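J.: Have a look at this one.
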Amino acid sequence: MEAAAGLLEAQFQKAESDLNYLSRKLELRCQNYAEGDCRKNPMELLQKLKTVKDQYKSLVQEAAEIQKAQAEAMDYFRIQLPIVMQLLQEMQAQTQMQGGEGTRAKIEELQNLLGAELPSAAFQPQSGKLTPVDKMPTSPSNHTSISCVQEADQEKCEDSCDKNEVDNNPVKEDPVVLQAMMRASSKGFVEVSLEEFESVSELVRGRVKLVDVNSTYRTLWKHFKEGNNSALLSVADMHKMGLRVSGATGKAKLKVLRSLKLITISSKEEVKLV
Numbered sequence: 004m005e006a007a008a009g010l011l012e013a014q015f016q017k018a019e020s021d022l023n024y025l026s027r028k029l030e031l032r033c034q035n036y037a038e039g040d041c042r043k044n045p046m047e048l049l050q051k052l053k054t055v056k057d058q059y060k061s062l063v064q065e066a067a068e069i070q071k072a073q074a075e076a077m078d079y080f081r082i083q084l085p086i087v088m089q090l091l092q093e094m095q096a097q098t099q100m101q102g103g104e105g106t107r108a109k110i111e112e113l114q115n116l117l118g119a120e121l122p123s124a125a126f127q128p129q130s131g132k133l134t135p136v137d138k139m140p141t142s143p144s145n146h147t148s149i150s151c152v153q154e155a156d157q158e159k160c161e162d163s164c165d166k167n168e169v170d171n172n173p174v175k176e177d178p179v180v181l182q183a184m185m186r187a188s189s190k191g192f193v194e195v196s197l198e199e200f201e202s203v204s205e206l207v208r209g210r211v212k213l214v215d216v217n218s219t220y221r222t223l224w225k226h227f228k229e230g231n232n233s234a235l236l237s238v239a240d241m242h243k244m245g246l247r248v249s250g251a252t253g254k255a256k257l258k259v260l261r262s263l264k265l266i267t268i269s270s271k272e273e274v275k276l277v
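All residue numbers for the sequence shown refer to my numbering, where the first residue is 4 and numbers rise by one.
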């Protein structure tokens with residue numbers, strides 16, 4: 004996720020620098036025309052104006068692509084955030100009870116999702132213990148503090164248990180998150196579930212059916228995963244594979260898969276599996 008955010012920031016900086024360059028270039032030309040000979044060739048001015056318009060059009064298109072990439076990045080973060088929260092809760096529960104291979108595996112899975120390493124001390128079980136109350140000094144000055152500590156610890160424990168019960172249930176019951184976690188941990192093909200399909204906006208789905216989306220996804224998955232292919236697929240290539248991806252319904256299949264972050268679609272409508 005950090006790499007995607009960095010790439011998006013770099014694109015914004017590039018677009019801003021291009022706009023600044025174009026603005027200064029126009030300003031300099033206007034100054035030169037005002038100070039120099041005003042008798043300029045009209046055809047030359049028209050040609051330069053056409054060049055400036057083309058540059059502006061290119062910048063507008065680049066800005067639109069940046070906005071599109073930003074929207075896709077936000078959708079990706081929304082999908083991955085519940086998964087990360089689920090893994091964090093499971094790791095916290097395991098580190099309180101026991102360590103082992105299961106905890107390390109979940110930490111590695113979480114690091115792969117975040118794209119960054121987590122500090123090892125963040126998930127180490129706490130070894131320190133409170134001193135028993137009956138062994139603490141019982142001078143008159145600390146009777147009040149001992150009772151306050153006991154009450155505070157008891158309330159904190161009850162609140163923590165209640166909060167964990169409330170927080171864990173909604174995440175575990177979300178079928179979209181469970182399906183995404185199953186797909187991330189499986190090396191085989193995992194089809195799009197009905198809950199995932201219905202989570203996509205109706206404007207994106209159109210009249211396409213779930214069975215057609217899964218058929219297209221299965222064909223692409225076999226091509227890239229089982230065939231070990233990494234090159235982008237054009238519309239013509241997909242037609243040769245028997246996929247109907249033209250027209251409103253055909254394009255909707257790919258858009259649904261893109262909304263679920265299962266494929267990527269380039270500006271030239273070339274497709275690649277995530």
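Don't be surprised by glycine CBs; every beta carbon is placed ideally from N, CA and C. This one's a predicted model, so the numbers in the text were calculated from it and none came from an experiment.
#1: Hey, would you say Met-185 sits closer than 7 Å to Val-195, going by beta carbons?
#2: For Val-203, collect the residues of the same chain with a Cβ closer than 6 Å to its Cβ; drop the 5 residues on either side in sequence, then sort them by chain order.
#3: So, with DSSP's three-state summary, where would you put Lys-71?
#4: Would you call Thr-219 buried or exposed, if buried means 16 or more other Cβ atoms sit within 10 Å of its Cβ?
#5: Identify every run of the beta strand (DSSP E) within the stretch 175-211, keeping only runs that are complete inside it and at least 3 residues long; order them along the chain.
#6: Leaving out the 5 sequence neighbours to the left and right, which residues in its chain are closer than 7 Å to Gln-16 when beta-carbon positions are compared?
#7: Evaluate Arg-32 with the Cβ neighbour count: other Cβ atoms within 10 Å of its Cβ, from every protein chain shown; 16 or more gives buried, anything less gives exposed.
#8: Nearest to Ala-66 by CA position, among Arg-27, Ala-18, Leu-52, is which residue?
#9: Can you list, in chain order, the residues of its chain with a C-beta nearer than 7 Å to that of Ile-268? Leave out the 5 residues immediately preceding and following it.
#10: Taking just the CA atoms, how far does Glu-47 sit from Thr-54?
#11: Suppose the cutoff is 6 Å on Cβ atoms and the five residues either side in sequence are ignored; what does the same chain contact list for Glu-272 look like?
#12: For Arg-208 and Pro-85, what's the separation of their Cα atoms in angstroms?
#13: Ignore the nearest five residues each way along the sequence and tell me which others in Leu-22's own chain have a CB closer than 7 Å to its CB.
#14: On the CB-based measure, 16 or more other CB atoms within 10 Å of its CB, does Ala-183 come out buried or exposed?
#15: Tell me whether Leu-223 is buried or exposed, calling it buried when 16 or more other Cβ atoms sit within 10 Å of its Cβ.
#16: Please work out which residues of its chain come closer than 6 Å, Cβ to Cβ, to Ser-150, disregarding the five sequence neighbours upstream and downstream, and give them in chain order.
#17: Output the boundary residues of the alpha helix (DSSP H) element that contains Val-2.
#18: Compare the Cα-Cα distances from Leu-11 to each of Gln-83, Leu-206, Met-77 and report the closest residue.
#19: Suppose contacts are defined by Cβ-Cβ distances below 7 Å. Is Glu-199 in contact with Val-179 by that definition?
T.: Judging by the given coordinates:
#1: Residue 185 sits at position 182 when you count from the first residue of the sequence shown. Residue 195 sits at position 192 when you count from the first residue of the sequence shown. For Met-185 and Val-195, no; Cβs fall outside 7 Å.
#2: Counted from its first residue, the sequence shown places residue 203 at position 200. Take Val-203, set aside five residues on each side of it, and the residues of its chain with a beta-carbon closer than 6 Å to its own are Val-259, Ser-262, in chain order.
#3: For this step, residue 71 is matched to residue 68 along the sequence shown. Reduced to three states, the DSSP call for Lys-71 is helix.
#4: Start at 1 with the first residue of the sequence shown, and residue 219 comes out as number 216. So Thr-219 ends up on the buried side.
#5: The stretch 175-211 contains no whole beta strand (DSSP E) run of 3 or more residues.
#6: Locating residue 16 in the sequence shown gives position 13, where the first residue counts as 1. Here Gln-16 has no same chain residue with a Cβ atom under 7 Å from its own Cβ, once five neighbours each way along the sequence are excluded.
#7: Taking the sequence shown and counting its residues from 1, the one referred to as residue 32 is at position 29. Classification of Arg-32: exposed, given that the 10 Å Cβ count is below 16.
#8: Taking the first residue of the sequence shown as 1, we reach residue 66 at position 63. Measuring from the Cα of Ala-66, the nearest candidate turns out to be Ala-18.
#9: The count along the sequence shown starts at 1 and reaches residue 268 at position 265. Result list for Ile-268: Leu-257, Arg-261, Val-274, in chain order.
#10: As a working note, residue 54 is residue 51 in the sequence shown. As a working note, residue 47 is residue 44 in the sequence shown. Spanning the two alpha carbons is a distance of roughly 11 Å.
#11: Position 269 of the sequence shown, counted from the first residue, corresponds to residue 272. Val-238, listed in sequence order.
#12: As a first step, residue 208 must be located in the sequence shown, where it is residue number 205. As a first step, residue 85 must be located in the sequence shown, where it is residue number 82. Cα to Cα, the separation comes out at about 23 Å.
#13: Taking the first residue of the sequence shown as 1, we reach residue 22 at position 19. These residues qualify, in order along the chain: Leu-62.
#14: By 1-based counting over the sequence shown, the position of residue 183 is 180. Only buried fits Ala-183, as 16 or more other CB atoms lie within 10 angstroms of its CB.
#15: To locate residue 223, count along the sequence shown from 1; it is residue 220. Per the 10 Å Cβ criterion, buried.
#16: What you label residue 150 is simply residue 147 of the sequence shown in a count that begins at 1. Reliability fails at Ser-150, whose pLDDT of 48 lies under 50, so the model's placement of it is uncertain and no value is given.
#17: The requested residue 2 is not part of the displayed model; the chain covers only 4 to 277.
#18: One-based indexing of the sequence shown puts residue 11 at position 8. Taking Leu-11 as reference, the option from Gln-83, Leu-206, Met-77 with the minimal CA-CA separation is Met-77.
#19: For the purposes of this step, residue 199 is taken as residue 196 along the sequence shown, with counting starting at 1. For the purposes of this step, residue 179 is taken as residue 176 along the sequence shown, with counting starting at 1. Yes; because the gap between Cβ atoms is below 7 Å, this pair is in contact.
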